[in-house]
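Worksheet for the structure shown next.
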Amino acid sequence: MTATHAPSPRTEERAPVPAVRRERRRIWGTAGFHLSAGLLSALWLLPIALVLVTSLRSFDDVAAHGVGSLPHSFTLDGFRQAWVDGGQQRALINSLLVTVPAVLLSLLLASTAAFALSRYDVPLRRTLLLLMLGGNLLPPQILLVPVSKLSEMLGLYDTLYALIGVQVGFGIGFYVFVLHGFMRSIPPEIQQAAVIDGAGPWQIFTRIVLPLAKPAMAALSALSFTWIFNDLLWAITVLRTDSQMPITASLIGLQGQYVSMWNVIAAGSVIAAAPTVMVFLKFQRHFVAGLNLGAVK
Amino acid sequence: MAVLTAPRKERREHTTGRPPARKRATRVPPLVLAFVLVPLLAEAFWVFWPALQGFYLAFTKWDGVSAPEFVGLANFKEMFGDAVFRTAALDTVLWLLLFGGLSAALGLGAALLLQQERRGVGFYRAALFLPVVFSLVATALVWQAMYQPDGLINQFLEAIGLSGLTHAWLADQDTALYAVIVPALWRQIGYVMVLYLAGLKGIDPVLYEAAKVDGATRLQQFRHITLPQLSSVNAVVLSVIVIDSLRSFDVVWALTRGGPYHSSELLSTYMYSTAFQSLRLGYGSALAVVIFVLAFGVIASYLVRAFREADA
Chain A
1392 MTATHAPSPR TEERAPVPAV RRERRRIWGT AGFHLSAGLL SALWLLPIAL
1442 VLVTSLRSFD DVAAHGVGSL PHSFTLDGFR QAWVDGGQQR ALINSLLVTV
1492 PAVLLSLLLA STAAFALSRY DVPLRRTLLL LMLGGNLLPP QILLVPVSKL
1542 SEMLGLYDTL YALIGVQVGF GIGFYVFVLH GFMRSIPPEI QQAAVIDGAG
1592 PWQIFTRIVL PLAKPAMAAL SALSFTWIFN DLLWAITVLR TDSQMPITAS
1642 LIGLQGQYVS MWNVIAAGSV IAAAPTVMVF LKFQRHFVAG LNLGAVK
Chain B
3 MAVLTAPRKE RREHTTGRPP ARKRATRVPP LVLAFVLVPL LAEAFWVFWP
53 ALQGFYLAFT KWDGVSAPEF VGLANFKEMF GDAVFRTAAL DTVLWLLLFG
103 GLSAALGLGA ALLLQQERRG VGFYRAALFL PVVFSLVATA LVWQAMYQPD
153 GLINQFLEAI GLSGLTHAWL ADQDTALYAV IVPALWRQIG YVMVLYLAGL
203 KGIDPVLYEA AKVDGATRLQ QFRHITLPQL SSVNAVVLSV IVIDSLRSFD
253 VVWALTRGGP YHSSELLSTY MYSTAFQSLR LGYGSALAVV IFVLAFGVIA
303 SYLVRAFREA DA
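Just so you know, the sequences run in chain order A and B.
If you're matching positions, the first sequence starts at 1392 in the numbering used here and goes up one per residue.
If you're matching positions, the second sequence starts at 3 in the numbering used here and goes up one per residue.
Spelled out as structure tokens, the structure:
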């Protein structure tokens, strides 16, 4: 520690700056920081503010004053139209019917695989791990045609099961990779103690490793929720009927159905974004941790 | 007991140099094998098997109804004469460079600006990160409203006296591609920023103090400490960007469908419309193979370069 702090007094000796000037420079620095960061944030939030405002305007107001103008009206009509007539209610239910089981199933499967690969001498474990990760890194385009034909063959085409299946299969490689990295760092002594007490793999998994991997699991749940919920490509590949479509695809339908009715389209976008924003605000810490979990490896 | 003895045994065998593989394989309990095999089969069923089929289909002609007909390299030969393919490939490379380059540079810039823990920094970080959680479709619609002829962007240009620059941004062949990149960037920069923030946090502050003692300027510190220290994060950011660029589909599909006149066509959108709208499943699969080769090529060439630098 002394080594780290030694240089600073020396530099001050070399360039003695009067306290007042140093203080003034600090204030200017802070002001400059808040000015630039504030402007940047305002620029980033502007489109969001625009959509929120537009979603609360009436159609006549938007038509008369333009999309970019300040509001002259306040109504929830846009939300009603998007929700009821535009089919967003059904679509949101579909999205949740796919997302929740897909997240739970992929994390369950990924955690068992990561547990086995990180805590046991499974033959070819490195190869298996890289193979599973590699599957996730494939561009989905190469899979689209075969997956849509596969789900037709299984009689699952145009059902939510097909979408759940492909989301689990495609996502699992990444989750295994991240959880493996996390579980590997759990000290082996804990596991050995459990083995002495007569615990089998199932007990070790559910009582020891899973509880210890909770932070990684929480981060991955938040992350995979938004990924699966926000997906469009897989949905339009394995689904056809409008009433089966999740919220992203239904939003594109809304865009075609309510051309230039910007209040309805804006309301639809707000509805589509609300669940993931709520997940983000509730689990912000896990969320950011999750993005980095994948990256540190 | 297996677990308790396995690691110890392994260590002993390593010192004696005997190949331990056979003995170890028999020690893994069946439940643990099932733990690996079930997820592996799920992935094999939905990913590996379809991927092999995808590569095979690239060498066939198929309408999705009758049986696929093997045509060898005909699909790839056809690409050479396909003007839309050329546009889509060029746009994809442009997208990779612009979207990738700018999101890396601006993400790093934002991270440098917001790296210090100080009052209000949490709010600024959250503001930049918020779009990351939106779906690309919602992002696209948000920006479609901005781009309207009577939308915010044109009104702003008029207000500052640049009404000559106002545009139907998405309907003009010259601006459509760039107009689609901006929303994608808006959403990506926050993500890259978070990756770089973690990387910057990991740099030992002693390095900067030592550089200050040696009289290094801020720019020198950035060039000789920050950038080299971030090299592992750079690799991650690069992979994320390449993969995201080549996957970019939603935002283009929602805003322009690749139009007007294919001016914002990417390989991913062209592949989708070829396969599922023109029902040319063989040619579509061949386009997917091109996307695969591009992704693989960029990442592999970076890795080779990184290894060479590490050796030098």
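Ideal placement from N, C-alpha and C gives every residue a C-beta, glycine not left out.
Predicted model, so just to flag it, every value in this text is computed and none were measured.
Paired residues, beta bridge with residue i - DSSP
{"i": "B/K63", "result": "B/E71"}
Residue i: first and last residue of the uninterrupted alpha helix (DSSP H) it sits in
{"i": "B/G124", "result": "V123 to F131"}
{"i": "A/S1539", "result": "Q1532 to M1544"}
{"i": "B/Q146", "result": "L138 to Y149"}
{"i": "B/F37", "result": "P32 to E45"}
{"i": "A/A1552", "result": "Note that residue 1552 of chain A is Tyr in the sequence shown here, rather than Ala. Segment L1551 to R1575, the alpha helix (DSSP H) holding A/Y1552."}
{"i": "B/E80", "result": "A76 to F82"}
{"i": "B/V184", "result": "A178 to K203"}
{"i": "B/D252", "result": "D252 to L257"}
{"i": "B/G109", "result": "A85 to L115"}
{"i": "A/E1580", "result": "P1579 to I1587"}
{"i": "B/L268", "result": "No alpha helix (DSSP H) contains B/L268, which DSSP labels as neither H nor E."}
{"i": "B/E160", "result": "L154 to A161"}
{"i": "B/A213", "result": "P207 to V215"}
{"i": "B/A170", "result": "Segment: none, B/A170 is in no alpha helix (DSSP H) and carries neither H nor E."}
{"i": "B/L240", "result": "S233 to R249"}
{"i": "B/Q279", "result": "Taken as a continuous stretch (DSSP letters only), B/Q279 belongs to no alpha helix (DSSP H), as it is neither H nor E."}
{"i": "B/R220", "result": "R220 to Q223"}
Exposure label - residue i; buried when at least 16 CB within 10 Å
{"i": "A/F1678", "result": "buried"}
{"i": "A/Q1479", "result": "buried"}
{"i": "A/I1563", "result": "buried"}
{"i": "B/F72", "result": "exposed"}
{"i": "B/V306", "result": "exposed"}
{"i": "B/L229", "result": "exposed"}
{"i": "B/I183", "result": "buried"}
{"i": "A/T1518", "result": "exposed"}
{"i": "A/T1632", "result": "exposed"}
{"i": "A/V1489", "result": "buried"}
{"i": "B/G19", "result": "Note that B/G19 scores 45 on pLDDT, short of 50, meaning its location in the model is unreliable; the coordinates nonetheless yield the value given after this. Per the 10 Å Cβ criterion, exposed."}
{"i": "B/Q175", "result": "exposed"}
{"i": "A/L1545", "result": "exposed"}
{"i": "A/W1593", "result": "exposed"}
{"i": "B/A161", "result": "exposed"}
{"i": "A/P1530", "result": "buried"}
{"i": "A/I1587", "result": "exposed"}
{"i": "B/E267", "result": "buried"}
{"i": "B/A27", "result": "In this prediction, B/A27 has a pLDDT of 42, which is less than 50 and means its spatial position is unreliable; nothing more can be read from the coordinates."}
{"i": "A/F1561", "result": "buried"}
{"i": "A/A1680", "result": "buried"}
{"i": "A/D1451", "result": "exposed"}
{"i": "A/Q1558", "result": "buried"}
{"i": "A/F1595", "result": "Here residue 1595 of chain A is Ile; the residue named in the question, Phe, does not match the sequence. That one is buried."}
{"i": "B/L54", "result": "exposed"}
{"i": "A/A1553", "result": "buried"}
{"i": "B/I155", "result": "buried"}
The ligand NAD heavy atom lying under 8 Å from the CB of residue i
{"i": "A/D1622", "result": "For the ligand NAD, the structure offers nothing, since it holds no ligand at all."}
- Query: Going along the chain, which residues of the region 250–282 of chain B sit with their C-beta nearer than 9 Å to a C-beta in chain C?
  - Reply: Considering every chain present, this structure includes no chain C. Its protein chains are A and B.
- Query: Does the region 1623–1637 of chain A touch the region 1451–1466 of chain A, meaning 3 or more C-beta pairs lie closer than 8 Å?
  - Reply: no
- Item | Secondary structure, alpha helix (DSSP H): runs of 4+ residues fully inside the region 1438–1522 of chain A | 1450–1456, 1468–1471 and 1479–1510
- Message: Whether or not the region 138–149 of chain B and the region 173–189 of chain B are in contact is what I'm after, with contact meaning three or more pairs of Cβ atoms, one per stretch, closer than 8 Å; do they touch?
- Response: yes
- Mind listing, in chain order, the continuous alpha helix (DSSP H) runs of no fewer than 4 residues lying wholly within the region 1596–1660 of chain A? 1605–1621, 1624–1629 and 1638–1648
- Cβ contact (3+ pairs, closer than 8 Å) linking the region 1498–1505 of chain A and the region 1569–1577 of chain A: yes
- Message: Check whether the region 94–107 of chain B and the region 235–251 of chain B are in contact - that is, three or more C-beta pairs closer than 8 Å.
- Response: yes
- Examine the Cβ distances between the region 1615–1626 of chain A and the region 1637–1653 of chain A and report whether three or more of them are shorter than 8 Å. yes
- Are there three or more Cβ pairs, one per stretch, closer than 8 Å when the region 264–278 of chain B is compared with the region 40–58 of chain B? no
- Counting pairs of beta carbons, one from the region 281–289 of chain B and one from the region 52–66 of chain B, are three or more of them closer than 8 Å? yes
- Would you check if the region 1509–1516 of chain A and the region 256–263 of chain B touch, i.e. whether three or more CB-CB distances between them fall below 8 Å? no
- Query: Taking one C-beta from the region 1595–1605 of chain A and one from the region 1526–1539 of chain A each time, how about it: are there three or more such pairs within less than 8 Å?
  - Reply: no
- Message: Across the region 215–232 of chain B and the region 77–84 of chain B, are there enough close Cβ pairs to call them in contact, namely three or more that are closer than 8 Å?
- Response: no
- Message: Closer than 8 Å is the cut-off here; do at least three beta carbon pairs connect the region 220–240 of chain B with the region 251–258 of chain B?
- Response: no
- Message: With a threshold of 8 Å, are at least 3 pairs of Cβ atoms found where one atom belongs to the region 290–298 of chain B and the other to the region 119–134 of chain B?
- Response: no
- Answer yes if the region 1468–1479 of chain A comes into contact with the region 1664–1679 of chain A, meaning at least three C-beta pairs across the two stretches below 8 Å, and no otherwise. no
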